[in-house]
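Residue numbers (the working numbering), protein chains in the order written: chain A, 2 to 279; chain B, 111 to 457.
Take a look at the structure:
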C-alpha cells in the first residue's frame, strides 16, 4: 500500500519535472528545428525536419543582411558596458559590503532602485541630447544609457558576493601588515574572482539582450546590434517575413548565451538568487 | 526601502552594545573600519557620479522637456516656430483631453499586462519551484533547462513567438483552428502574455527555489509529527517562509512588466492599439521628434513605476537591501533566515 503511493508520488514528480523541462525547452527547440528546415518546407509542423538544411544559416550571413557586423556591434557594446560596469561596481560593492559609513543603506537602496527604472524615461531625453551633439549611430550612444541598468545590477550582485566572504580574511592580511588597499587587491580580489566572473556573465547577458536603447539610438543598419538587426531582417518581398533566417539568426545569437548558462549554471543561479534569498 | 532610516552614525571604533538587536553588527569589525569613511567615499563616488550622469540628469532633462511642445505651427501666433514652444503643463493636461485616449489605452494595456503576467508567473513559478525542490534526480538538468528562457534575448523570444503564433504556425496547428494572433484584438494580448510568461516564470521559479532551500527540514518534521497535512504545511510553513524571496521576485517582475517594450513591439508591432504599452508610446513619440509629449509620458511612467515599487515595499514589506550593514550571513539570531528578515522588515 505504502509502496504503491510512493510509486505514484515519484511518478507524478517525474511527470512534473518533464513538464517543467518541456515548458522551458519546447519553444527554443521549435526555433532550432525551424532554422534547420529548408525554405520550402518552413511551414512544416513535424517535430523533426525531414531534410536538414543550412540554407537559413547561409542566408543569415548573406552580406546584404549585414549580420556579421551586427554581431560585432553587439559584442562591442555589451563588452564595453560590462567592463566599465564591473570596474566601477567592484570598488563600490566592496565599500558596501565591508566599510561602515553614513547613509550606506540609503545609497544602496538608491542604486538598486535605479535598476528598476523604466529605461524609456532616460532614452527619450538622451535621444534628443544625442541627436543634438551628433552621437546617433555611435557606440557611446548605446553604451552610456546601458550603464543605467548594468551598473546597478553589477553593484548589487557583487555586494552580495563580497558580503559572503568572511571578514577574517582581510583581518588576517592586515594583521600580517597589509594595508586595506593591499588586502583588497591581494586577498579579496583573487578570492572573489568567481563572484566577479559570474557578475560579468549576468551583466553581459543583460547588455547583450538590450533592445530599446539600441533601437532608438541607431538608424543606420551598419550600427545596429544583433537583436535590432534580426528584428529588421527583410525577405525577398516586403510581405514575406523571412522566418527561416530569423530563426537561424535567433539561434546564433542565443547559442553563445545558452552555452555560457550551461557551463556556469551553478554560479549563475547563485548570482541571480543572491539578492532574493539570504 | 522599508526602513531607509540610517542608524545615527555611530562613532566608528567604539560602538555601544546598546544598539537595537536588529542592527547589531558583528563584533570585531569596528577596528577594521576605523577611518573608512573617506575610503568609502572614494570607492562609492565614481558609481554615484556615473549614475547621476546616466540616470538623474536625463530624468531632470525629461522633466524639463515635458514642459515644451513640438516644433511646427504655433497655435497662438500662427507662425512656424524653429524652436519648441514652452507650453507649461499642457502635455500633462492633454492626457485628460482628446489626445488622452492613446495614453489611457497604453496605461491600461501596461497595467493589464503587468497584473496578468505577474499573477501567472507567480503561480507557475511557485509550482516549478516546488517540483524542482522535491526532485532529487535530474535537478541539474532542470536547473539548466529553466535558465534557457531567461537567457534567450527578449527580442529573439518576440520573433520566436511571432513564428509560433504565425497564421500557419505551430500554435494554430496545435489548437486546430485559425487565429490571426498577431493582428489587432484581444488575441494579440494573449500572445504577448503567453510569450512573456514563458520567458519569466522560470526566473520566479529559480528565486523561489532558493527561498525553499533555506527552510530547515526540522520545521516540516515537527509539523508532520503534529499532524499537519501537506496542504496545511504548504500554507502555514512554506508560503510564509518563502514570502520574502517571492516578494522580491514579484517586485522585480512588476517593475520589468511595467516597462515592457521589446516583446509587444516585435511580436505584434509598433502603434498597435491592443498591445501598445507606455514605453512603446513614449518611444514612438520620441522617434517622431515629438519630444515634449514623449517626455511627459515617460515622466508619468516613471511616477507609476515609483508608486508601485513604494506600494510593494510599504504594504507588503518587500526588502531589497537585505542585511546591509548587518554583518552578513553569520549573524547570531534566529535559525531561520527568512523569519529573521521578516522581523527586521516590520521593525
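Note that the Cβ used here is the ideal one computed from N, Cα and C, for glycine as well.
Would DSSP call residue i helix, strand or coil?
i: residue 55 of chain A; result: coil
i: residue 196 of chain B; result: strand
i: residue 324 of chain B; result: coil
i: residue 376 of chain B; result: helix
i: residue 163 of chain B; result: helix
i: residue 394 of chain B; result: helix
i: residue 292 of chain B; result: coil
i: residue 381 of chain B; result: coil
i: residue 262 of chain B; result: coil
i: residue 256 of chain B; result: helix
i: residue 339 of chain B; result: coil
i: residue 386 of chain B; result: coil
i: residue 225 of chain A; result: coil
i: residue 170 of chain A; result: helix
i: residue 245 of chain B; result: coil
i: residue 46 of chain A; result: coil
i: residue 39 of chain A; result: coil
i: residue 250 of chain A; result: helix
i: residue 272 of chain B; result: helix
i: residue 243 of chain A; result: coil
i: residue 346 of chain B; result: helix
i: residue 187 of chain A; result: helix
i: residue 231 of chain B; result: helix
i: residue 21 of chain A; result: helix
i: residue 218 of chain A; result: helix
i: residue 306 of chain B; result: helix
Judging by CA-CA distance, which residue of the options is the nearest neighbour of residue i?
i: residue 200 of chain A; options: A:108, A:88, A:112 and A:123; result: A:88
i: residue 19 of chain A; options: B:245, B:305 and B:271; result: B:245
i: residue 191 of chain A; options: A:215, A:212, A:162 and A:204; result: A:162
i: residue 14 of chain A; options: B:237, B:427, B:402 and B:373; result: B:237
i: residue 160 of chain A; options: A:197, A:139 and A:177; result: A:197
i: residue 1 of chain A; options: A:245, A:226, A:272 and A:165; result: Outside the displayed range of chain A (2 to 279) lies residue 1 of chain A, so it cannot be described from this structure.
i: residue 422 of chain B; options: A:117, A:97 and A:96; result: A:117
i: residue 130 of chain A; options: B:174, B:326 and B:413; result: B:174
i: residue 165 of chain A; options: A:95, A:109 and A:216; result: A:95
i: residue 86 of chain A; options: A:32, A:248, A:250 and A:208; result: A:208
i: residue 196 of chain B; options: B:270, B:218, B:418 and B:176; result: B:176
i: residue 161 of chain B; options: A:55, A:217 and A:90; result: A:90
i: residue 243 of chain B; options: B:325, B:403 and B:397; result: B:325
i: residue 165 of chain B; options: A:55, A:213, A:78 and A:124; result: A:124
i: residue 65 of chain A; options: A:269, A:233, A:109 and A:271; result: A:233
i: residue 100 of chain A; options: B:286, B:148, B:393 and B:306; result: B:148
i: residue 367 of chain B; options: B:345, B:381, B:221 and B:350; result: B:221
i: residue 232 of chain B; options: B:372, B:292 and B:317; result: B:317
i: residue 194 of chain B; options: B:285, B:401, B:334 and B:327; result: B:401
i: residue 403 of chain B; options: A:122, A:79 and A:44; result: A:122
i: residue 32 of chain A; options: B:279, B:169 and B:346; result: B:279
i: residue 223 of chain A; options: A:44, A:80, A:74 and A:98; result: A:74
i: residue 136 of chain A; options: A:43, A:259 and A:217; result: A:217
Quick check: residue i and residue j, are their CB atoms within less than 8 Å of each other?
i: residue 188 of chain A; j: residue 171 of chain A; result: yes
i: residue 25 of chain A; j: residue 258 of chain B; result: yes
i: residue 356 of chain B; j: residue 268 of chain B; result: no
i: residue 409 of chain B; j: residue 172 of chain B; result: yes
i: residue 385 of chain B; j: residue 298 of chain B; result: yes
i: residue 151 of chain B; j: residue 235 of chain B; result: no
i: residue 370 of chain B; j: residue 348 of chain B; result: no
i: residue 321 of chain B; j: residue 352 of chain B; result: yes
i: residue 365 of chain B; j: residue 415 of chain B; result: yes
i: residue 262 of chain A; j: residue 229 of chain B; result: no
i: residue 154 of chain A; j: residue 204 of chain A; result: yes
i: residue 46 of chain A; j: residue 283 of chain B; result: yes
i: residue 215 of chain A; j: residue 254 of chain A; result: no
i: residue 50 of chain A; j: residue 38 of chain A; result: yes
i: residue 221 of chain A; j: residue 138 of chain A; result: yes
i: residue 229 of chain A; j: residue 36 of chain A; result: no
i: residue 247 of chain A; j: residue 231 of chain A; result: yes
i: residue 361 of chain B; j: residue 216 of chain B; result: no
i: residue 112 of chain A; j: residue 156 of chain A; result: yes
i: residue 119 of chain A; j: residue 223 of chain B; result: no
By DSSP's criteria, residue i is part of a beta bridge. Which residues make up the other side?
i: residue 178 of chain B; result: B:196
Quick check: is any heavy atom of the ligand SAH less than 7 Å from the C-beta of residue i?
i: residue 356 of chain B; result: The ligand SAH is not part of this structure, which contains no ligands at all.
For chain E, is any of its Cβ atoms less than 8 Å away from the one on residue i?
i: residue 219 of chain B; result: Absent from the structure is chain E; the protein chains it does hold are A and B.
| message | So within the stretch 69 to 155 of chain A, which uninterrupted alpha helix (DSSP H) runs reach at least 4 residues, ignoring any that extend past its ends? | response | 105 to 116 and 121 to 133
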